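First residue of the sequence shown: 1, per the UniProt record's numbering; consecutive thereafter. Note that the Cβ used here is the ideal one computed from N, Cα and C, for glycine as well. What you are looking at is a predicted structure, and each value in this text was computed from that prediction instead of being measured.
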Amino acid sequence: MGIITDFHEHKTCVNYEDVNTNSNKKPIIEITEFLKGKIKEKTLSESKIMLVMKGEFRISYERHIDKKVKEGKMLLLPSSSKYIARAEEDASVFIFRLRDKIELCDRVGLEQLFHKFKEPDNSFNLLDIKEEVSYYLKGLKACLTDGLRCRYYFELKMKEFFYLIRAYYTREELARFFYPLLSNDTSFSEFVYNNYNKVKTVQELASLSNYSHSGFIKRFKKTFGVPAYQWIKQQKASRILHEINCTDKTLKEICDEHDFSSLSQFNDFCKSNFGYPPSYIRKNKVF
């Protein structure tokens, strides 16, 4: 264990990111210890990467139900995902929060991956933590253990991480991993992912964007390849499916929270989108 010189000065600096702060804004990088049997449930306000250094857990989010993530794997969770995770054994997990535009290097961003790999891929895509990334994480963990929590240091380490995966993973591996975030217009898609869950209509989302309704519809279709109303409906369907399969909410609670006028209308929605009524989905874990 190393000793940071002038630690008091470091800890009282405005750029010190304290993992125990009462602020809603967590550090860009942190390590979380996930004890066996513990359950975590959260709706994400920003995308994040989870890198498992030790142990394993099972996670459910969107259309992915009870998937295992074990030591030596990394997982991307997109913004606005609602997830439930349960530790199968004690786990140590790095959390990387993706607040800035993702650039794998100065010449490759998500737009280039989008053009490389456009086919829909909604499968559960994990990446192996390769040896070079593992060495990087061990060094990073040592510095965090010493108490080094400077925001500028974290920003540099995030850049280093992206350079490493750019160097040691294929474009196809990266495209599959980042698929939920791929877009030919990342700033616009980031806005959509961060705000669609706050509104009920396309018009409300367009108003938040400061675009005219027609301008928003046009840019949305160009960016996502589908009409805005259709995309929002798909996101709503994914969230409802997750809540039926993975939460203890009653079907009536889910129905009311998503503004269905009646259980009958909710049943019709589930049959139309998933092929079965909600009671059947919950009993048989349909996804």
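request  = Provide the residue(s) that pair with glutamate 30 in DSSP beta bridges, ordered along the chain.
outcome  = Along the sequence shown, read from residue 1 onward, the residue named residue 30 stands at position 30. Listed as beta-bridge partners of glutamate 30 by DSSP are Ile95.
Inter-residue spacing [alpha-carbon to alpha-carbon] between histidine 242 and lysine 283 = One-based indexing of the sequence shown puts residue 242 at position 242. One-based indexing of the sequence shown puts residue 283 at position 283. Looking at the two C-alpha atoms, the distance is approximately 13 Å.
For serine 81, is the classification buried or exposed, using 16 other Cβ atoms within 10 angstroms of its Cβ as the cut-off for buried? What you label residue 81 is simply residue 81 of the sequence shown in a count that begins at 1. Buried, because 16 or more other Cβ atoms sit within 10 Å of the Cβ of serine 81.
*So what does DSSP say about glutamate 103, is it helix, strand or coil?*
Here residue 103 is taken as the residue at index 103 of the sequence shown, counted from 1. Residue state, collapsed to three classes: strand.
**Message:** Quick check on leucine 44: does DSSP put it in helix, strand or coil?
**Reply:** On the sequence shown, residue 44 is found 44 positions in, with the first residue counted as 1. The answer is coil: DSSP assigns leucine 44 none of H, G, I, E or B.
Quick one, which of Gln112, Ser134, Glu111 has its alpha-carbon nearest valine 93's?
Position 93 of the sequence shown holds residue 93. The shortest C-alpha separation from valine 93 is found at Ser134.
**Asked** Which one of Ala91, Thr250, Ser183 has the shortest CA to CA distance from leucine 51?
**Response** Here residue 51 corresponds to residue number 51 of the sequence shown, with the count starting at 1. Taking only the C-alpha atoms, the option nearest leucine 51 is Ala91.
Original post:
Where does isoleucine 232 land, buried or exposed, given buried means 16+ other C-beta within 10 angstroms?
Top reply: Here residue 232 corresponds to residue number 232 of the sequence shown, with the count starting at 1. Classification for isoleucine 232: buried.
Next on the checklist: Applying the 10 Å Cβ sphere with the 16-neighbour rule, what's the burial state of residue 302?
Outcome noted: This structure leaves residue 302 out entirely; the chain is present only between 1 and 287.
#### Entry: Which listed residue (Phe188, Lys198, Lys200, Lys236) has its alpha carbon closest to that of glycine 215
As a working note, residue 215 is residue 215 in the sequence shown. For the residues Phe188, Lys198, Lys200, Lys236, the minimum Cα distance to glycine 215 belongs to Phe188.
Among the residues of its own chain, which have a CB less than 6 Å from the CB of phenylalanine 220, if the five just before and after it don't count?
By 1-based counting over the sequence shown, the position of residue 220 is 220. If we look at phenylalanine 220 and ignore the five residues flanking it on each side, its Cβ neighbours are Ala228.
Q) What do you reckon, are the CB atoms on phenylalanine 57 and arginine 86 nearer than 8 Å? A) Position 57 of the sequence shown, counted from the first residue, corresponds to residue 57. Position 86 of the sequence shown, counted from the first residue, corresponds to residue 86. It is a contact, given that the beta carbons lie within the stated cut-off.
field: Extent of the continuous beta strand (DSSP E) to which leucine 77 belongs
entry: On the sequence shown, residue 77 is found 77 positions in, with the first residue counted as 1. First-last of the beta strand (DSSP E) with leucine 77: 73-77.
So, are the CB atoms of tyrosine 16 and histidine 8 less than 8 Å apart? Looking up residue 16 in the sequence shown gives position 16. Looking up residue 8 in the sequence shown gives position 8. No; because the gap between Cβ atoms is not below 8 Å, this pair is not in contact.
Just mark histidine 64 as buried or exposed, buried being the case when its beta carbon has 16 or more other beta carbons within 10 Å.
The residue given as residue 64 occupies position 64 in the sequence shown. Under this definition histidine 64 is a buried residue.
Tell me, to the nearest whole angstrom, how far the beta carbon of leucine 76 is from that of serine 47; I am working on the premise that it is less than 8 Å.
-> Here residue 76 corresponds to residue number 76 of the sequence shown, with the count starting at 1. Here residue 47 corresponds to residue number 47 of the sequence shown, with the count starting at 1. Correct: roughly 7 Å between the Cβ atoms.
- Are there 16 or more other CB atoms within 10 angstroms of the CB of valine 14, so buried, or fewer, so exposed? Residue 14 sits at position 14 when you count from the first residue of the sequence shown. Classification of valine 14: exposed, given that the 10 Å Cβ count is below 16.
Cβ-based neighbour list, lysine 130, same chain, cut-off 8 Å, excluding 5 preceding and 5 following: Position 130 of the sequence shown holds residue 130. Tyr168, Tyr169, listed in sequence order.
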